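Below is one structure, written out as structure tokens; comments come after it.
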Amino acid sequence: MSIKGVSIQLMIGEREEASFSIKEIESCIRKAASMTGIRRLLFWNAGAKKNHDLISSISSDLGIELYTWFPVLADIVDGHVSLDESQLNPAGIRGYGKSGKWSKIDKGEENFLFACPEQSHKIASINRSLENILDSYDYSGVFLDRIRYPSFAGGLESVFGCICQDCMRSYEAYSGDTSDELNMKLEEILNFLALADEKNLEGIHSYEDLFALSGAETFYKFRSLQIERIVSHFSSTAKSRGMKVGLDLLTPSMSDITGQNYGKLHQFSDWIKMMTYCYANGPAGIPLEAVSLIRGLKAISRKSLPEKAYINLCSRLFKTELASSCDIILKNGIHPNYISSELEFAAALMPGFEDKLIPGIELVNHPFFTPPVRKDQCEASLNILKDLEHEIIASWNILYIPDEYFSMIKERMI
Ligand SMILES: [Zn+2]
Numbered sequence: 000m001s002i003k004g005v006s007i008q009l010m011i012g013e014r015e016e017a018s019f020s021i022k023e024i025e026s027c028i029r030k031a032a033s034m035t036g037i038r039r040l041l042f043w044n045a046g047a048k049k050n051h052d053l054i055s056s057i058s059s060d061l062g063i064e065l066y067t068w069f070p071v072l073a074d075i076v077d078g079h080v081s082l083d084e085s086q087l088n089p090a091g092i093r094g095y096g097k098s099g100k101w102s103k104i105d106k107g108e109e110n111f112l113f114a115c116p117e118q119s120h121k122i123a124s125i126n127r128s129l130e131n132i133l134d135s136y137d138y139s140g141v142f143l144d145r146i147r148y149p150s151f152a153g154g155l156e157s158v159f160g161c162i163c164q165d166c167m168r169s170y171e172a173y174s175g176d177t178s179d180e181l182n183m184k185l186e187e188i189l190n191f192l193a194l195a196d197e198k199n200l201e202g203i204h205s206y207e208d209l210f211a212l213s214g215a216e217t218f219y220k221f222r223s224l225q226i227e228r229i230v231s232h233f234s235s236t237a238k239s240r241g242m243k244v245g246l247d248l249l250t251p252s253m254s255d256i257t258g259q260n261y262g263k264l265h266q267f268s269d270w271i272k273m274m275t276y277c278y279a280n281g282p283a284g285i286p287l288e289a290v291s292l293i294r295g296l297k298a299i300s301r302k303s304l305p306e307k308a309y310i311n312l313c314s315r316l317f318k319t320e321l322a323s324s325c326d327i328i329l330k331n332g333i334h335p336n337y338i339s340s341e342l343e344f345a346a347a348l349m350p351g352f353e354d355k356l357i358p359g360i361e362l363v364n365h366p367f368f369t370p371p372v373r374k375d376q377c378e379a380s381l382n383i384l385k386d387l388e389h390e391i392i393a394s395w396n397i398l399y400i401p402d403e404y405f406s407m408i409k410e411r412m413i
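So the sequence shown is numbered by numbering that gives the first Met the number 0: it starts at 0 and just counts up by one.
Here it is as structure tokens:
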């Protein structure tokens, strides 16, 4: 049994342009290609325009399929998402929520500030950026990222938005409910969670159950339709040019709270990268997302429940065992067996699409990333993938993945 193929991700922004010459970037790609071969290169260019042509020429020389890695609703490549264009959550705040929000969310190069999906001018302008890239450079596919609502790392309240006027107009037309009624229901969910005892929390088994606490399931469905509409729109932009489409989705046990429904979205894509991140202390990483949820629930609670009560709820929602405290979850992450169970879960949602599910495996080892992925952690993840006979996507930025980790992949490809 062996790993079936490797794709890589490359992001060039200000930091990378300052730290790496194009020769060094080329050498990094060539080294990986010589060790494991590279099927696809997913390229996010937040630097000079000429990088598109440089990376395209290297990929073409090595016979690698080149995708433009395109963030859609947050961290966009041209311009930025302003607070006015971002989402309104039930706490009455634009942008992020407040309870359990990751303290570093707005401190790095990426800020995970999501545009409201009903901002049609903004969506049209982002789509034009994609068209410009596809019409100006030599790509064979598009890798769509950041098509979702905020996750727990953005603060607990933000997973119950967007309730701006434009979204409410569409929601009223879809549901027959009024926005006042919906606002009351969303407030009721947060009140229920604030007053919940352990037994109340034990009754929650899924994200839909959270919305069902006050009869707001229709809004839960509406949110996933909004994301489906945006994915369909951007996918058509690529498909109409004869290009392939890959999607960067949160791991399936978390994706639904952000409106990403694997069962629906796969129809717009040729393959899906699953962000099965067992160690990352960043958005989409299970340790950070779990701890953000646990801390968010603790922050709004008016009861003094033991932390374990929230950890148990989180463990049910994320479908994984979690350590006994937030500090240990952040320090040790979760067992990489999770990659295997999440692949199984996703495959059951999309019969016939199993071979097109590609887990993203955390391999970065550099002080920029918390925590740097250790050799033993890399080994543990790769051993699971080897047994599953799956392709992988080496995540994230190849510039920060040690050569030794590619050797370890190579050993498992034979
Ligand atoms: Zn909105």
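No residue lacks a Cβ here, since even glycine has one placed at the ideal position from N, Cα and C. Computed from a predicted model, the values in this text were never measured in an experiment.
Inset, instruction - Please find out if some non-hydrogen atom of ligand 1 comes closer than 6 Å to the beta-carbon of Cys277. - result: Relative to ligand 1, even the nearest heavy atom lies 6 Å or more away from the CB of Cys277.
Inset, instruction - Look at the Cβ atom of Lys374, then the Cβ atom of Arg411, and state whether they are nearer than 7 Å. - result: no
Inset, instruction - Within 10 angstroms of the Cβ of Asp74, are there 16 or more other Cβ atoms? Answer buried if so, exposed if not. - result: With 16 or more other Cβ atoms within 10 Å, it is buried.
Inset, instruction - Let me know if Gly127 comes out buried or exposed under the rule of 16 or more other beta-carbons within 10 Å of its beta-carbon. - result: The question names Gly, but residue 127 in the sequence shown is Arg. So Arg127 counts as exposed.
Inset, instruction - Could you check if Ile338 is buried or exposed, using at least 16 other CB atoms within 10 Å of its CB as the buried criterion? - result: buried
Inset, instruction - Examine ligand 1 and report whether any of its heavy atoms sits within less than 6 Å of the Cβ of Glu171. - result: False, no ligand heavy atom lies under 6 Å from that Cβ.
Legend entry - Lys272 burial status per 10 Å Cβ neighbour count (16 or more: buried): buried
Inset, instruction - Return helix, strand or coil for Ser6, following the three-state DSSP convention. - result: strand
Inset, instruction - Have a look at Leu82 and Met407 and give me their C-alpha separation to the nearest angstrom. - result: 44 Å
Inset, instruction - Examine the Cβ distances between the stretch 209–226 and the stretch 325–343 and report whether three or more of them are shorter than 8 Å. - result: no
Inset, instruction - Rounded to whole angstroms, what's the CA-CA distance from Ala279 to Val372? Just pull it up for me. - result: 8 Å
Inset, instruction - Assign Asp144 to buried or exposed, taking buried as 16 or more other Cβ atoms, counted over all protein chains shown, within 10 Å of its Cβ. - result: The residue is buried, with at least 16 neighbouring Cβ atoms inside 10 Å.
Legend entry - Residues of its chain near Ala289, where Cβ-Cβ distance is below 7 Å and the 5 sequence neighbours each way are ignored: Cys313, Phe317, Leu321 and Ile328
Legend entry - 6 Å CB neighbourhood of Arg294 in its chain, flanking five on each side removed: Gly99
Legend entry - heavy atom of ligand 1 below 6 Å from Glu156 C-beta: no
Legend entry - Chain-ordered residues, beta carbon under 5 Å from a heavy atom of ligand 1: Cys115, Glu117, Cys161, Cys163 and Cys166
Inset, instruction - Locate the beta strand (DSSP E) running through Lys318, then write down its first and last residues. - result: Element bounds for Lys318: n/a, residue is neither H nor E.
Legend entry - Where Tyr66 falls: helix, strand or coil (DSSP): strand
Inset, instruction - Can you give me the start and stop residues for the alpha helix (DSSP H) that Ala193 sits inside? - result: Ser178 to Leu194
Legend entry - C-beta contact flag for Leu200 and Ala308 at 7 Å: Contact: yes.
Inset, instruction - Could you tell me which uninterrupted beta strand (DSSP E) segments, each at least 3 residues in length, are contained entirely in the stretch 295–361, listed from first to last along the chain? - result: Within the stretch 295–361, the complete beta strand (DSSP E) segments of 3 residues or longer fall at 356–361, listed in chain order.
Inset, instruction - May I ask which residues mark the beginning and end of the alpha helix (DSSP H) holding Asn396? - result: Not the alpha helix (DSSP H): Asn396 falls in the beta strand (DSSP E), residues Glu390 to Asn396.
Inset, instruction - Output the boundary residues of the alpha helix (DSSP H) element that contains Ile203. - result: Per DSSP, Ile203 belongs to no alpha helix (DSSP H) and is neither H nor E.
Legend entry - Euclidean distance between Cα positions of Ile285 and Tyr276: 6 Å
Inset, instruction - Provide the residue span of the alpha helix (DSSP H) that contains Arg168, from first to last. - result: Gln164 to Ser174
Inset, instruction - Mind reading off the beta-carbon distance from Ile55 to Leu41? Whole number of angstroms is fine, and I expect it under 8 Å. - result: Before going on, a small fix: residue 55 reads as Ser here, not Ile. With 8 Å as the limit, Ser55 and Leu41 do not qualify as a contact, their Cβ atoms being about 13 Å apart.
Inset, instruction - Could you tell me whether the Cβ atoms of Leu413 and Ile391 are closer together than 7 Å? - result: Leu is not the amino acid found at residue 413; the sequence shown has Ile there. No. Outside cutoff.
Legend entry - CB contact flag (Thr250, Met274, <7 Å): yes
Legend entry - Extent of the continuous alpha helix (DSSP H) to which Asn110 belongs: Neither: Asn110 is in no alpha helix (DSSP H) and is coded neither H nor E.
Legend entry - Given 8 Å, three or more beta-carbon pairs between the stretch 106–125 and the stretch 24–42: no
Inset, instruction - Locate the alpha helix (DSSP H) running through Val230, then write down its first and last residues. - result: Glu216 to Lys238
Inset, instruction - Find out if the Cβ-Cβ distance for the pair Ala90, Pro282 is shorter than 7 Å. - result: Against a cut-off of 7 Å, the Cβ pair of Pro282 and Ala90 comes out as no contact.
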